[in-house]
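Beneath this line is the structure, given in structure tokens, with notes to follow.
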Amino acid sequence: MNLRDLVYGLYARRVGGRLDHAQVPKHIGVILDGNRRWAKASGGSAVQGHQAGADKISELLGWCSETDVEVVTLWLLSTDNFDRPEAELIPLLHIIENTVRQLAADGRWRVHHVGTLDLLPPQTQLVLKEAEEATRGVDGIIVNVAVGYGGRQEIADAVRSLLLEHSEKGTTFEELAEVVSTDLISEHLYTRGQPDPDLVIRTSGEQRLSGFMLWQSAHSEYYFCEVFWPAFRKVDFLRALRDYAARHRRYGA
């Protein structure tokens, strides 16, 4: 261990020691941004950047477990990412599949897919379904893997699901118009039954949501971190929690 690592470790312990666990967010959403830029700065390929980003996930979940976080949503692949060249997209899908398998095999996390399955290749769909089934009974952090995810698409899918459900019940449009509400729509989101994210973290210095959990993040706090995702450290995570704890959430009041 060099001097820099020693100082970093001491500082991380200091920040963590001062963290009030009663103020820790129960649900954290993470936009894992900057893999390709990290790889470019390191002289590597985009695929190497995505793999480095995937390798960081287990560390993050370990930190979340230490700080009593209950739900983590990881944005691994957006609907917009399907526009990327096949030479990058196909290896990225394989990396995601391996990551999801590893999460399921770990035994500590309950894996849940959020996104549109129909957009994904059959093999990716199968991996996601098997991971959900294998971890259904796990009493641990719920890990939402957002693959083939878009915020607008989620809302459209929720409305479609709501309409189909009431159509099967024989509900007329007039009757549905009388009962439709934000709570009713929320029951058809990918994250139904889960608390909305208290904190959304985005790495790489970008300060926008890009469509991430548009409905659920109405009252979320945001933390934008300059570091690229593969270089995200425990101290960066703890700083985000410390920043969150210092805020006064008013929920529009």
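Each residue of the sequence shown is one higher than the one before, counting from 0 in numbering that gives the first Met the number 0. Where a beta carbon is used, it is the ideal one built from N, C-alpha and C, also for glycine. It should be emphasised that the depicted structure is a prediction, and the values quoted were computed from it without experimental measurement.
{"Item": "Cutoff 8 Å; reference Ile140; Cβ partners in own chain excluding five residues on either side", "Value": "Leu60, Cys63, Ser64, Val68, Glu69, Val70, Val71, Arg107, Trp108 and Arg109"}
{"Item": "Inter-residue CB distance, Ala53 and Thr115 (contact presumed, cutoff 8 Å)", "Value": "That pair is no contact at about 21 Å."}
{"Item": "Assumed close pair Gln215, Asp197 - CB separation to whole angstroms, cut-off 8 Å", "Value": "That belief does not hold up - the Cβ atoms of Gln215 and Asp197 are roughly 10 Å apart, past 8 Å."}
{"Item": "Buried or exposed by the 16-neighbour rule on C-beta atoms within 10 Å, applied to Val144", "Value": "buried"}
{"Item": "Alpha helix (DSSP H) segments (min. 4 residues) lying fully within the segment 178–245", "Value": "181–185 and 233–244"}
{"Item": "Sequence-distant residues of the same chain with beta carbon closer than 6 Å to Leu118, five excluded per side", "Value": "Gly147"}
{"Item": "Between the CA atoms of Ala155 and Gly42 - distance to the nearest angstrom", "Value": "40 Å"}
{"Item": "Check whether Leu237 and Pro24 have beta carbons under 9 Å apart", "Value": "no"}
{"Item": "Residue from Ala157, Thr170, Ile95 and Glu132 whose Cα sits closest to the Cα of Ala51", "Value": "Ile95"}
{"Item": "Start-end ranges of the alpha helix (DSSP H) lying completely within the segment 101–155, minimum 4 residues", "Value": "121–133"}
{"Item": "Whole-angstrom distance between Val178 and Thr134, CA atom to CA atom", "Value": "35 Å"}
{"Item": "For Leu31, the three-state DSSP class (helix, strand or coil)", "Value": "coil"}
{"Item": "Test: Thr170 CB closer than 9 Å to a CB of chain D", "Value": "The structure shown contains no chain D, having only a single protein chain."}
{"Item": "Residues near Lys137 by beta carbon distance below 6 Å, same chain, minus five either side", "Value": "The question names Lys, but residue 137 in the sequence shown is Val. Result list for Val137: Arg109, in chain order."}
{"Item": "For Ser160, three-class secondary structure by DSSP", "Value": "helix"}
{"Item": "DSSP-derived helix/strand/coil call for Thr98", "Value": "helix"}
{"Item": "Within 9 Å, strictly: CB atoms of His49 and Pro84", "Value": "no"}
{"Item": "Given Ser180 as reference, the closest of Leu162, Glu167, Gln193 and Asp79 once Cα atoms are compared", "Value": "Leu162"}
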